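Note sheet for the following structure.
Numbering (the numbering used here), first residue to last: 1427 to 1791.
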């Protein structure tokens, strides 16, 4: 005979199963994409605080609906053969969530689309184009530098692109908010500050228990829903509007500038060329006058100081929105600031390809 406790437990289990089935039926998914702690992402990668989860597969419906597939190194890209074909031309792209872009399938990201777009480059005639996506949600210039130094260069790239935004991310404003290493100058020496490892929040996220719960959630839409509900209060990758953050973010300019300088120095010492590009805003702003944000002006100054070409496709994006009446961001399911949709990725790839091909025509032998 069942006790009252047994009846309650059985009822709770049946109720949970019902919710699980309902969430699957409506197509809900919120697969967790980020792994914290050195032991929980691919060993080829350096200590970056966090990285994408290797071989991840799941569904996300936070922005639109997409199948999320990461390769064995935890990047939202197809599997890569490290050994480079002698005839290949490799373009490596660093960036944040706007390039990681798990809101669309990996074949629809602008990085993947660049591969086919750049096949028309006369400067790359008879070359096999390979675009490699090394972007991770929330990554800053500090992490880009470390990732390039300790992993990216091993892929023998021919060209490097770094994507940035014209607004600040929380990780740019508060160094501890995304639990990441920082390139800093101490007593005249450039060092990597990893003080985040002692923070209680980081230790919780990097624990074996947290990793176990994360793995368990891959098989449960109900658990994904619960974890997503908890995450909504402290997401580190949501964009912050520049009007309220431009002044605050200036406190990190010296460290960020050091990271950019080290990135630039590393690229040039490797005999390579790199570009900066700013994700276009367009959409509703296309119907007004074009005005730079303070943070965009800073990136323009950085590019000029480092003598790095900056690809700004804002004009092309505005023209496309006005001509097609199709926005580049958003999926119609969220009131939060949205990432590029499929149309946005297609436009970004076309515009980037035009600029890159023109630059390559001028600089390649």
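No residue lacks a Cβ here, since even glycine has one placed at the ideal position from N, Cα and C. This one's a predicted model, so the numbers in the text were calculated from it and none came from an experiment.
Fill in: Cα-Cα separation, residue 1534 to residue 1511
One-based indexing of the chain shown puts residue 1534 at position 108. One-based indexing of the chain shown puts residue 1511 at position 85. Straight-line Cα distance between these residues: approximately 24 angstroms.
Item to complete: Flag this pair as yes or no: are the beta carbons of residue 1496 and residue 1517 separated by less than 7 angstroms?
Response: Within the chain shown, the letter at position 70 stands for residue 1496. Within the chain shown, the letter at position 91 stands for residue 1517. For residue 1496 and residue 1517, no; Cβs fall outside 7 angstroms.
Worksheet item: By how many angstroms is the C-alpha of residue 1606 removed from the C-alpha of residue 1773?
Response: Position 347 of the chain shown, counted from the first residue, corresponds to residue 1773. Position 180 of the chain shown, counted from the first residue, corresponds to residue 1606. Cα to Cα, residue 1773 sits roughly 31 angstroms from residue 1606.
Discussion item. Using only the alpha-carbon positions, how far apart do residue 1665 and residue 1764 sit?
Written reply: In the chain shown, residue 1665 corresponds to position 239, counting from 1. In the chain shown, residue 1764 corresponds to position 338, counting from 1. The pLDDT assigned to residue 1665 is 46, lower than 50, so where the model puts this residue is not dependable; a value taken from the coordinates is nonetheless given after this. Near 9 angstroms, if we compare the C-alpha coordinates of residue 1764 and residue 1665.
Fill in: Alpha carbon of residue 1436 to alpha carbon of residue 1642, nearest angstrom
Here residue 1436 corresponds to residue number 10 of the chain shown, with the count starting at 1. Here residue 1642 corresponds to residue number 216 of the chain shown, with the count starting at 1. Roughly 21 angstroms separates the two Cα atoms.
Discussion item. Checking the sheet assignment: what are the DSSP bridge partners for residue 1755?
Written reply: For the purposes of this step, residue 1755 is identified with residue 329 of the chain shown, where counting begins at 1. In DSSP, residue 1755 forms a bridge with 1766.
Worksheet entry | Reduced DSSP secondary structure (H/G/I, E/B, other) of residue 1776 | Here residue 1776 corresponds to residue number 350 of the chain shown, with the count starting at 1. DSSP places residue 1776 in helix when its eight states are reduced to three.
Worksheet item: Apart from the five residues on each side of it in sequence, which residues of its chain come closer than 7 angstroms, Cβ to Cβ, to residue 1455?
Response: As a first step, residue 1455 must be located in the chain shown, where it is residue number 29. Excluding five sequence positions before and after residue 1455, the CB atoms of its chain that fall closer than 7 angstroms to its own CB belong to 1484, 1485, 1486, 1487, 1647 and 1650, given in chain order.
Item to complete: Compare the C-alpha of residue 1615 against each of 1584, 1681, 1639 and 1704 and name the closest.
Response: Within the chain shown, the letter at position 189 stands for residue 1615. Looking at the Cα atoms, 1681 is the closest of the given residues.
Item to complete: Please work out which residues of its chain come closer than 7 angstroms, Cβ to Cβ, to residue 1722, disregarding the five sequence neighbours upstream and downstream, and give them in chain order.
Response: Locating residue 1722 in the chain shown gives position 296, where the first residue counts as 1. Closer than 7 angstroms at Cβ, skipping near neighbours: 1592 and 1704.
Item to complete: Check the DSSP bridge columns for residue 1657 and list the partner residues they point to.
Response: Taking the chain shown and counting its residues from 1, one reaches residue 1657 at position 231. Looking at the DSSP assignment, residue 1657 forms no beta bridge with any residue, so it has no partner.
Worksheet entry | Neighbourhood of residue 1501 by C-beta distance below 7 angstroms, restricted to the same chain and skipping five residues each side | Taking the chain shown and counting its residues from 1, the one referred to as residue 1501 is at position 75. Cβ within range, chain order: 1478, 1559 and 1560.
Worksheet item: Does any heavy atom of the ligand PLP sit closer than 6 angstroms to the C-beta of residue 1552?
Response: Of the ligands one can find in the structure shown there are none, so the ligand PLP has no counterpart to examine.
Worksheet item: Smallest Cα separation from residue 1459: which of 1653, 1734 and 1679?
Response: Position 33 of the chain shown, counted from the start, is the residue given in the question as residue 1459. Nearest option by C-alpha distance: 1653.
Item to complete: Below 8 angstroms on the Cβ atoms is my guess for residue 1571 versus residue 1692; work out the distance and round it to an integer in Å.
Response: Taking the first residue of the chain shown as position 1, residue 1571 is located at position 145. Taking the first residue of the chain shown as position 1, residue 1692 is located at position 266. In this structure, residue 1571 and residue 1692 form a Cβ contact; the two beta carbons are roughly 7 angstroms apart against a cut-off of 8 angstroms.
Item to complete: Could you tell me which of 1461, 1731 and 1658 sits nearest to residue 1686, measuring between CA atoms?
Response: Sequence index remark: in the chain shown, residue 1686 carries index 260 (1-based). Selected option, being the one with the closest Cα: 1731.
Worksheet item: Using 8 angstroms as the threshold, is the stretch 1779-1789 in touch with the stretch 1734-1746, meaning 3 or more CB pairs across them?
Response: yes
Discussion item. On a Cα-Cα basis, can you pick out the residue from 1746, 1597, 1787 and 1756 that is closest to residue 1522?
Written reply: Looking up residue 1522 in the chain shown gives position 96. Taking only the C-alpha atoms, the option nearest residue 1522 is 1597.
Worksheet item: Terminal residues of the continuous beta strand (DSSP E) containing residue 1586?
Response: Counting from one through the chain shown, the residue named residue 1586 turns up at place 160. Residues 1585-1590.
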